[in-house]
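I have placed the structure first, in the form of structure tokens, so that the comments after it can refer back to it.
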Amino acid sequence: MPPAEPLIVICNPGDRRSEGIQLARSRLGMPPALLIPYAGLLQGQPLADLLEQAMQQHLDELPGQRQAMQQQLPQLAQVQADGLREQAGTMQQRNGQPGLTELAAQGRDSNWRSGPAAPAPDTIPPLLRLESPGGSFEIERALIALGAPDAPDADDSLHPYGSQPDLRPLSFKAAGVLKDMPGVLHHPSQWFRGYCRLLARIQREAGQLLPAARWTNDPGEIAAMTDKRRTQQILAAAGVPVPRPLRGSSGQAPVDYGSLRELMLSQRMHRIFIKLASGSAASGVIAYQLNPATGAEVAVTTIGVENYITRPPVYYNSGKLRRYTDPALLAGIINWLYRHGAYAEQWIPKPGGSGQSFDIRQLVVAGRACHAVARVSTTPITNLHLRSRRMTPAEAGLTEEMQAQVRQTAEQSLAAFPRSSVAGIDVLVGSTGRTYTADVNPFGDLLYDVEYHGCSIYEWEMKQLPWRNLAL
Amino acid sequence: MTVVKLSIDYDAFEEGKRIETEIEQLSNSPEAAAVSSLTIGDWGQAYENSPEDAIQALVKHSASFPALRRLFIGEMGYEECEISWITQTDLSPLLPAYPELQSLTVQGGTNLRLSQLQHDKLEELIIITGGLGKNVLADIAAANLPNLQKLELYLGVDNYGFDGGLEDLYPLIEPGKFPKLTYLGLKNSEIQDEIAAALADAPILDQLETLDLSLGTLSDTGAEALLASPRIKGLKLLNLSRHYMSDGLIERWKKSGLPVDVSDQQKTDDDDDWRYPSITE
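Listed in order, the protein sequences are those of chains A and B.
Start counting the first sequence at 1; every next residue gets the next number (full-length UniProt numbering).
Start counting the second sequence at 1; every next residue gets the next number (full-length UniProt numbering).
And the structure:
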């Protein structure tokens, strides 16, 4: 095996994702990834400092890997920013290891940036990988604060709709004291703005620090995948089949409950999915139907509501699907969703017998479809959080031919994001055998106990994602 | 023996495809004469359109389907249409057109009627709804079905159209009404306890092999009445699955040695609700 390029992962160290990556690397005989904590970045520490800390930690914790790390370290040497060299020099004095100053010099001498030819083995530039920022309320709160109008770093360049202000934003200070209420959707649009700002900052700092590094998924594309409105535009423009968006004859999208119902009737699209634009994990998803004959409506959703007399309602992710038919309640929920950005599309009936339906979560790595899981549910919302059953696509009843079509649709979907190499694509199979992409999840690779050619997801990714296979 | 299902999905309907055309094409095909079981699925946005045209086409072309024995009108899942929103119509014209029919299944209760329910050979009538109107119950009570062996009614809830009560069910369980009946299902009901209590001592139990009270709100109240009745001892199956009985009562059923299905116990409390964070996949 040629020397592996160093991997730098921006994540919440200790979570299942980072642990899974380290386990896979250890099994494959690769040196561990350097883990950069989101928490540190959100506390204002520069990426350079955190990277140094991560390197130091590895040397301290894994003395047995000292030699391997020493071989790795030169490959991290792409430092340009002058200010960073001083810090790096300090590190050299501390531990007697080659510091970033020397490494930077080596990096500058490499021919990597001069063209697409393979770099010399000792100057392989590192891979940079962003992981899901989820799973920690402190991170969520810090991102909502970062999305505040008065936040210190307000680079909205990666936000697909960054110029549209968020409704009733929380100030930096107010966001910082939000209380942890499990499942509560605190301020999804401001969270997304904060996340886009963090992505922009990481991209900026990484570009200065490690200009030759490559991203497994480009930060800007992660932002686009996380906004379902933008995702569907990109997919449609690339010719990927997607469920038809709910739009008026002149292209206008709904903006609230009233315009949504009007458009459903005028477009004769009586069954739709409404999705929170920046939601994931079935957060803020409604399967909504409007009966054109009677005006009745039925919504099945994960959204729970707590109503109060003296303050606005609190919306939360319920693990138990709820069914609403009360127009006043539904108007409240749908208007709230649209204030935070929402996307509505045709409800493609999912296949499945005996009251069950399914879709396929198809992982694509480096351009090729690999691990796949059918998510089987007795409800219209199939996400695994809702205790859907997992099956292989074959067990769910898909023929070889249909599985191939699912894989092709998924590959085509990721190809629409040319600077990204890993995504979990949610593919719907319509009753007539057509396939549609419903979602592109930049962190959609956390699938347990699924193997492809004998590899777990992370083992497969580590083998498939050397720099030369990246979608660049 | 040929089994056929015809269905028009949303897009096909929008593109102008129609169920009556599909039926006509089938009737003109060489396989028509062998069709023994025909299922009409979604006839195109069934929350808005009734199967009127499908029924007319089936009546018009009945001569092309001499082998037809089983007919299902409205087989669709919630992915296609909410059961309680399926628009039905009066299906009676089908019966004289298919004198050899043995089994009729209907799904959807909105606007459903069976106004002239007469058939010499029909053995099985199944009506699946979220709420069955008492006018349909009256249609069945007035029926003449001398060969009926299985009657299975999903009664549902008043929100979705069940506007009847016990008084509308009594005429259906009079001895002699359906002399050959061996399977009675009065199920999926929000008054399942009342139904259980009313049936516990009903003479019709003496002719039944299966009593199906599943899928409803049956609790200990209705179950106690059944347990106390000597008439249930002759049943080959008492189906009480998906119920709200207590653990204690389930235990008593098990000890009774009776052929009873008490699976799929439902919990009445709300402890099962949990919340989950958004950004986890």
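Even for Gly, the Cβ is constructed at its ideal location relative to N, Cα and C.
Just so you know, these numbers come straight off a predicted model, no measurement behind them.
Query	Result
Bounding residues of the beta strand (DSSP E) (the contiguous stretch that carries residue 239/B)	237–239
With 16 other Cβ atoms within 10 Å as the buried cut-off, status of residue 15/B	exposed
Where residue 14/B meets chain A, residues with beta-carbon distance less than 8 Å	268
Residue from 287/A, 422/A, 295/A and 54/A with nearest C-alpha to residue 262/A	295/A
Partners in chain B for residue 318/A, counting only beta-carbon separations shorter than 9 Å	273, 274, 275 and 276
Exposure of residue 375/A, with buried meaning 16 or more beta-carbon neighbours within 10 Å	buried
Contact with chain A by residue 79/B, beta-carbon distance below 8 Å	yes
Interface flag, residue 350/A vs chain B, CB-CB below 8 Å	yes
8 Å Cβ cut-off: residues of chain A touching residue 107/B	Under the 8 Å cutoff, chain A gives no residues; its nearest Cβ is about 12 Å from residue 107/B.
C-beta atoms of residue 381/A and residue 285/A nearer than 8 Å	yes
The stretch 431–442 of chain A / the stretch 397–417 of chain A touching (three or more Cβ pairs under 8 Å)	yes
Residues near residue 243/A in its chain [Cβ-Cβ closer than 6 Å; skip 5 each side]	345, 346, 348 and 436
CB contact check: residue 212/A to chain B, cutoff 8 Å	no
Residue 369/A vs residue 410/A beta-carbon contact at 8 Å	yes
Proximal residues to residue 412/A (C-beta, below 6 Å), its chain only, five neighbours per side dropped	240
Which listed residue (414/A, 144/A, 379/A and 148/A) has its alpha carbon closest to that of residue 367/A	414/A
Straight-line Cα distance separating residue 230/A from residue 177/A	31 Å
Near the ligand FMN: residue 372/A beta-carbon under 7 Å from a heavy atom	Here there are no bound small molecules, and the ligand FMN is not part of this structure.
Complete runs of the alpha helix (DSSP H) confined to the stretch 185–254 of chain A [at least 4 residues]	188–209, 219–226 and 228–237
Exposed unless 16 or more other CB atoms sit within 10 angstroms - verdict on residue 206/B	exposed
Collapsed DSSP secondary structure at residue 10/B in the structure displayed	helix
Within the stretch 175–211 of chain B, ranges of the alpha helix (DSSP H) (whole runs, at least 4 residues)	192–200
Chain-ordered neighbours of residue 43/B on chain A, where CB pairs are closer than 8 Å	By Cβ distance, chain A contributes nothing, its closest Cβ being about 14 Å from residue 43/B, past 8 Å.
Below-8 Å beta-carbon distance, residue 82/B vs any chain A residue	yes
Chain B within 8 Å of residue 291/A, Cβ atoms only	yes
Buried or exposed by the 16-neighbour rule on C-beta atoms within 10 Å, applied to residue 379/A	buried
Closest by C-alpha distance to residue 33/B, when choosing among 83/B, 1/B, 160/B and 243/B	1/B
Chain-order list of residues whose beta-carbon lies under 6 Å from that of residue 356/A (same chain, five-residue window excluded)	376 and 378
Cβ shell of residue 93/A (< 6 Å), same chain only, five flanking positions each side left out	With a pLDDT of only 39 at residue 93/A, under 50, the local geometry of the prediction cannot be trusted, and no value is derived from it.
Interface partners of residue 9/B on chain A, CB under 8 Å	349, 430, 431 and 432
Chain B within 8 Å of residue 295/A, Cβ atoms only	no
Under 9 Å by beta carbon: chain B residues contacting residue 357/A	77, 78 and 79
Entirely enclosed beta strand (DSSP E) segments - the stretch 17–92 of chain B, minimum 3 residues	35–40 and 70–73
Start and end residues, alpha helix (DSSP H) containing residue 406/A	400–415
7 Å Cβ cut-off: residues of chain A touching residue 48/B	292 and 293
Backbone CA spacing between residue 208/B and residue 119/B [nearest angstrom]	21 Å
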